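Working notes, beginning with the structure itself.
Number of protein chains: 2
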Amino acid sequence: MEMPVRVSRDFAKTYPYASASATECAMNLARTGDLVLGRVALALQPLGVTPAGGLVLGILKDAGRPCPPNYISERLIVSRATVTGVLDTLVKRGLVHREPHPTDRRMVLVHLTKSGARMADAVRNTVHSSEAEWMRPLSERERAQLTELLGKIQKNLVP
Amino acid sequence: MEMPVRVSRDFAKTYPYASASATECAMNLARTGDLVLGRVALALQPLGVTPAGGLVLGILKDAGRPCPPNYISERLIVSRATVTGVLDTLVKRGLVHREPHPTDRRMVLVHLTKSGARMADAVRNTVHSSEAEWMRPLSERERAQLTELLGKIQKNLVP
DNA sequence: CGAAAGTGGTTAGGGGCCAGACTATCTGGT
DNA sequence: ACCAGATAGTCTGGCCCCTAACCACTTTCG
Chain A
1 MEMPVRVSRD FAKTYPYASA SATECAMNLA RTGDLVLGRV ALALQPLGVT PAGGLVLGIL
61 KDAGRPCPPN YISERLIVSR ATVTGVLDTL VKRGLVHREP HPTDRRMVLV HLTKSGARMA
121 DAVRNTVHSS EAEWMRPLSE RERAQLTELL GKIQKNLVP
Chain B
1001 MEMPVRVSRD FAKTYPYASA SATECAMNLA RTGDLVLGRV ALALQPLGVT PAGGLVLGIL
1061 KDAGRPCPPN YISERLIVSR ATVTGVLDTL VKRGLVHREP HPTDRRMVLV HLTKSGARMA
1121 DAVRNTVHSS EAEWMRPLSE RERAQLTELL GKIQKNLVP
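First to last, the sequence lines map onto chains A and B.
Letter by letter, the first sequence follows residues 1 to 159 in my numbering.
Letter by letter, the second sequence follows residues 1001 to 1159 in my numbering.
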């Protein structure tokens, strides 16, 4: 497969209303993002934790105190239903446990266990050292450029 | 949320072995890729087809003839088991049907139905016109830069 | 020829993600 | 005090994705 992915030679003729450069950006963005996510999953596999689980542990660790699932869902930019599922698997692995909120009985507080806290550190270390590896072919200048370009797209996409 | 996503001020102190620029690239890559995929799903929703299903229809359309699932799985860079599932939902929607291979009895050939072929076109049109929208904030020069940078990362990630 | 190795598709089981529905609980305004 | 609306967490049912195991069929090779 070509890298980066390119549109076919007659793209402009087949899709006159489209933009070849935009399509190439979108395809390569999706592809590279997917590759990176796959690599994260691979790097975390030996730790016995999934990317989603690792992110949740990091959020709890950063907060420095037990948090309700709703807080996690906002940070992760993911639905509350999804957080319920991720927490279930973290509980199964003994990295986290749920306790009722002392005053608001609608809520639950998610606590990091000892091994959950250790795992949060291990995840950060693993992921951050992998990232340096992945981005090696880019100079500092190119990395700054890439981040800027991605930021522009995000601003346009998020509103 | 900041865009692009930035690492905290004391990142270098907390993770001395890591690279802040690499981490920012990775975070924004994952985030932007995810945003784009979400937008694709959103754009396709009115058509009643999912991104994975849309890609399969496109592969069949491009091939111009019935294809075995294995071929689709290689093109999609996805496991055969996943293709089985995606085909099941396409069959349910009447966009595709399976026929036994005439000579090799291990295989199946996936045929586009009439409405599947129409859907393949609709998907392409919808996605390509959305892409132009998403990339609007980038000049032609910036788009070329972005594609090049992503290509470098891919080359480093794939082997 | 006939067994071993390879290939193609599916199934089973584990996650992750979502929308929508449901329950329990809080809060605000009358 | 009370009820309507907001909020928190969960469950259901879909879809996507993976690995491993399985079965049927082909190919290869002694």
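Idealized CB from N, CA, C, for every residue including glycine.
A quick note: this is a predicted structure, and the numbers were derived from the prediction, not measured.
- For R1118 (chain B), the uninterrupted alpha helix (DSSP H) run begins and ends at 1114 to 1134, by DSSP.
- Under a 10 Å Cβ-count criterion, E1140 (chain B) is classified as exposed, with fewer than 16 other Cβ atoms of the shown protein chains found around its own Cβ.
- In this structure, A26 (chain A) lies near M1135 (chain B), with their beta-carbon atoms less than 8 Å apart.
- L29 (chain A) carries a helical assignment under DSSP once its states are collapsed to helix, strand and coil.
- DSSP lists B:V1110 as the bridge partner or partners of R1098 (chain B).
- Closer than 8 Å to the CB of Q45 (chain A) there is not a single CB belonging to chain B.
- By the neighbour-count criterion, in which 16 or more other beta carbons inside 10 Å mark a residue as buried, T1147 (chain B) falls on the buried side.
- Taking C-beta atoms under 8 Å as the contact rule, L76 (chain A) and L55 (chain A) qualify, at a distance of about 6 Å.
- Against chain B, a Cβ distance below 7 Å from E74 (chain A) picks out nothing, because the smallest value is about 10 Å.
- Taking C-beta atoms as the reference points, L47 (chain A) and V123 (chain A) count as a pair closer than 8 Å.
- In this structure P1069 (chain B) is buried. Its beta-carbon is surrounded by 16 or more other beta-carbon atoms within 10 angstroms.
- Between the C-alpha atoms of E24 (chain A) and A1132 (chain B) there is a straight-line separation of about 10 Å.
- Non-local beta-carbon contacts of R1080 (chain B) in its own chain, meaning distances under 8 Å to residues more than five positions away in sequence, involve P1069, N1070, S1073 in chain order.
- For the region 1017 to 1039 of chain B, residues whose beta-carbon sits nearer than 8 Å to a beta-carbon of chain A comprise Y1017, A1018, S1019, S1021, A1022, T1023, E1024, C1025, A1026, N1028, L1029, A1030, R1031, T1032, G1033, D1034, L1035, V1036, L1037, R1039.
- A distance below 8 Å separates the beta carbons of C1067 (chain B) and V1110 (chain B).
- Sequence-distant Cβ neighbours of R31 (chain A) in its own chain, meaning closer than 7 Å and more than five residues away, are V5.
- The beta carbons of I1153 (chain B) and P137 (chain A) sit about 7 Å from each other, so the pair counts as a contact at 8 Å.
- Residues of chain B whose Cβ lies closer than 9 Å to the Cβ of K92 (chain A) do not exist, since the nearest Cβ in that chain is about 24 Å away.
- Residues of chain B whose Cβ lies closer than 9 Å to the Cβ of G54 (chain A) do not exist; the shortest such Cβ separation is about 13 Å.
- Using a Cβ distance threshold of 8 Å, T126 (chain A) and A52 (chain A) do not count as a contacting pair.
- For T147 (chain A), a Cβ of chain B is located within less than 8 Å of the residue's own Cβ.
- Of all residues in the region 1124 to 1149 of chain B, those with a C-beta nearer than 9 Å to a C-beta of chain A are R1124, N1125, V1127, H1128, S1129, S1130, E1131, A1132, E1133, W1134, M1135, R1136, P1137, L1138, E1140, E1142, R1143, A1144, Q1145, L1146, T1147, E1148, L1149, reading in chain order.
- In its chain, beyond the 5 residues on either side, I1072, R1075 have a beta carbon closer than 6 Å to the beta carbon of I1059 (chain B).
- Interface residue (Cβ-Cβ distance to chain A less than 8 Å): L1060 (chain B) is not classified as such.
- Using beta-carbon distances, K155 (chain A) counts as an interface residue toward chain B, with a partner under 8 Å.
- About 18 Å separates the beta carbons of V108 (chain A) and R93 (chain A), which is beyond the 8 Å limit, so they are not a contact pair.
- With contacts defined by Cβ atoms closer than 8 Å, F1011 (chain B) and A1020 (chain B) form a contacting pair.
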